[in-house]
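This report concerns only the one structure given below.
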Amino acid sequence: NAGVTQTPKFQVLKTGQSMTLQCAQDMNHNSMYWYRQDPGMGLRLIYYSASEGTTDKGEVPNGYNVSRLNKREFSLRLESAAPSQTSVYFCASSLLDSYNEQFFGPGTRLTVL
Amino acid sequence: GDSVTQMEGPVTLSEEAFLTINCTYTATGYPSLFWYVQYPGEGLQLLLKATKADDKGSNKGFEATYRKETTSFHLEKGSVQVSDSAVYFCAVSSGSARQLTFGSGTQLTVLP
């Protein structure tokens, strides 16, 4: 099992460009999440999908859109990148049982110039 | 909403020293509590968890006890190793979608 995989690992964009971050899991998990990690701020939830076909906003959704393509895949799109979106992005998945242990991907380091 | 307050870092210890990283939380209902660890250049890995009051989570020599009366979940290890150098995150999970709310992280460096 690969667990949670993310592509790309690194990306540099210019302000105003768009891109999609891809995430896939092979653990048959119901729920998937996108976080951003900034220095001194821990991880903040951008969007989540509690089950296939549903998506909900997290703490910092502005400037992002998501698509739950199927049970395995959950993508994050930046329509018009801004320097404030420079961050490390993590995807996670879980069973959404009573404990909700989440499993994380290796991250995508995004720089917006 | 939920919140987690973690001991500010960075923390630097000598090998075999005792480690405590403080964590307190606010959450509604019956939250589950977690400690995650992040090694340089990697994603987060679950270190340990506790799902109800007075539970003790433990793994790799690390321990934390779910204290509902003090809303705390402090991480401890009796003798740290150089390989324990990493960033440690306390997190709480609650609500219908069981979202995780993270603390800001504590950078631990262990010197030989």
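Taken in sequence, the protein lines are chains A and B. Numbering-wise (this note's numbering), the first sequence opens with residue -3 and increments by one. Numbering-wise (this note's numbering), the second sequence opens with residue 127 and increments by one. We put the beta carbon where it would ideally sit given N, CA and C, even for glycine. As the structure is a computational prediction, the values presented were derived from the model and not from experiment.
- Contiguous beta strand (DSSP E) elements confined to the segment 131 to 213 of chain B occur at 137 to 140, 145 to 147, 149 to 152, 158 to 164, 170 to 176, 182 to 185, 188 to 191 and 201 to 203, taking only those with 3 or more residues.
- K182/B counts as exposed, since fewer than 16 other beta carbons sit within 10 angstroms of its beta carbon.
- S83/A sits in a strand when the DSSP states are folded into three classes.
- Counting of Cβ neighbours within 10 angstroms places M23/A among the exposed residues, the total staying below 16.
- Taking C-beta atoms as the reference points, V137/B and T232/B count as a pair closer than 8 Å.
- Within a 10 Å sphere around the beta-carbon of S205/B sit fewer than 16 other beta-carbons, which makes this residue exposed.
- Around the beta-carbon of R64/A, 16 or more other beta-carbon atoms lie within 10 Å, marking it buried.
- V56/A sits in coil when the DSSP states are folded into three classes, being neither helix nor strand.
- Shown in chain order are the members of the segment 143 to 160 of chain B whose Cβ falls below 8 Å from a Cβ of chain A: S158 and F160.
- Taking 8 Å as the threshold, the shortest C-beta distance from P57/A to chain B does not fall below it.
- Listed along chain B are S158, F160, L172, K175 and S219, each with a C-beta nearer than 9 Å to that of E97/A.
- Look at F215/B: its C-beta is under 8 Å from a C-beta on chain A.
- Spatial neighbours of K67/A in its own chain (CB-CB distance under 6 Å, excluding positions within 5 residues in sequence) are listed in chain order as E48.
- Within chain A, the residues whose beta carbon sits less than 9 Å from that of G229/B are G38, listed in sequence order.
- For P4/A, the nearest beta carbon of chain B is not closer than 8 Å to its own beta carbon.
- A Cβ-Cβ separation of about 29 Å leaves N61/A out of contact with S158/B under the 8 Å criterion.
- L39/A carries a strand assignment under DSSP once its states are collapsed to helix, strand and coil.
- Taken through DSSP and simplified to helix, strand or coil, N96/A comes out as coil.
- For Q2/A, the enclosing beta strand (DSSP E) covers residues V0 to T3.
- The beta carbon of Q13/A is closer than 6 Å to those of A77 in its chain, skipping five residues each way along the sequence.
- By the Cβ rule, the segment -3 to 8 of chain A does not count as touching the segment 52 to 60 of chain A, because fewer than three pairs are nearer than 8 Å.
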